[in-house]
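Numbering (our numbering), first residue to last: 21 to 210. Heads up, the beta-carbon is just placed ideally off N, CA and C, and yes, glycines get one too. Computed from a predicted model, the values in this text were never measured in an experiment. Quick notes on the structure that follows.
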């Protein structure tokens, strides 16, 4: 990496970004600072699902930090992002005796979880924390000797029990607006 600070590459993997609430809001916030962030929408770039690994590798190499933004999909990532990992993080590029292209690179996740935070706990409905569910990503990045910097999350678009529906919606929108600002702070703090 050069002596000047390179832009952060944010790889967005949402199967239907236009109908998204959280991810679409985060992208809008990122696009307000194109001097600092490059937003790369995988589903827009590859509507046929065929990833150009060399193009993706060059894009990663031309940036500094790397953030993967996606909704939790069956307690994992959307399928196109998994295909991206399979196709792009190759032997000799991301790992192996000569694979050092993401070595020491700061990498983080930004995830939207449609489930409330309390459901992601040992006592909750799913018995595992979001941190535990995301361990395969952390392990992958560590295997590639990258500098994994954890994750940023927005929990629960599910309705909370009780209360006035309009008030709950307004509170959630305020929370979403705050999360967009907090997300950029998280990226800048990597």
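Grab me the residues of residue 140's own chain with a C-beta within less than 8 angstroms of its C-beta, minus the 5 sequence neighbours each way, in chain order. 133, 146, 148, 149, 150, 153, 175
Locate the alpha helix (DSSP H) running through residue 135, then write down its first and last residues. Counting along the chain, residue 135 falls outside any alpha helix (DSSP H), and DSSP gives it neither H nor E.
In terms of alpha-carbon separation, which member of 138, 204, 160, 40 lies closest to residue 111? 160
Can you have a look at residue 169 and say buried or exposed, based on whether 16 or more other CB atoms are within 10 angstroms of its CB? buried
Excluding five sequence neighbours on each side, which residues of the same chain lie with their C-beta closer than 7 angstroms to the C-beta of residue 46? 89, 130, 200, 203
Could I get the ranges of all uninterrupted alpha helix (DSSP H) runs contained in the region 81-157, with 4 residues as the minimum, in chain order? 99-108, 150-153
Which listed residue (191, 186, 56, 86) has its alpha carbon closest to that of residue 32: 86
Backbone CA spacing between residue 117 and residue 187 [nearest angstrom]: 56 angstroms
Take residue 48 as the anchor and find which of 209, 28, 197, 136 has the nearest alpha-carbon. 197
Within 10 angstroms of its Cβ, does residue 162 collect 16 or more other Cβ (buried), or is it exposed? Classification of residue 162: exposed, given that the 10 Å Cβ count is below 16.
Residue 80 classed as buried or exposed, judged by whether at least 16 other C-beta atoms fall within 10 angstroms: Buried: at least 16 other Cβ atoms inside 10 Å.
Supposed close pair residue 76, residue 108 - CB separation, criterion 8 angstroms: With 8 angstroms as the limit, residue 76 and residue 108 qualify as a contact, their Cβ atoms being about 5 angstroms apart.
Endpoints, the beta strand (DSSP E) within which residue 175 is located: 167-175
In whole angstroms, what is the alpha-carbon distance linking residue 210 and residue 165? 16 angstroms
Rounded to whole angstroms, what's the CA-CA distance from residue 78 to residue 57? Just pull it up for me. 16 angstroms
Near residue 73, which residues of its chain fall below 8 angstroms by C-beta distance, leaving aside the five closest residues on each side in sequence? For residue 73, where only same-chain residues beyond five positions count, the Cβ hits under 8 angstroms are 107, 108, 110.
For residue 124, which residues of its own chain have a beta-carbon under 6 angstroms away from its beta-carbon, when the five flanking residues on both sides are left out? 167
Taking buried to mean at least 16 other C-beta atoms within 10 Å of its own C-beta, is residue 22 buried or exposed? Because the pLDDT at residue 22 is just 46, under 50, the model does not fix this residue reliably, and the value given afterwards should be weighed accordingly. By the neighbour-count rule (16 or more Cβ atoms within 10 Å), residue 22 is not buried but exposed.
Within 10 angstroms of its Cβ, does residue 184 collect 16 or more other Cβ (buried), or is it exposed? exposed
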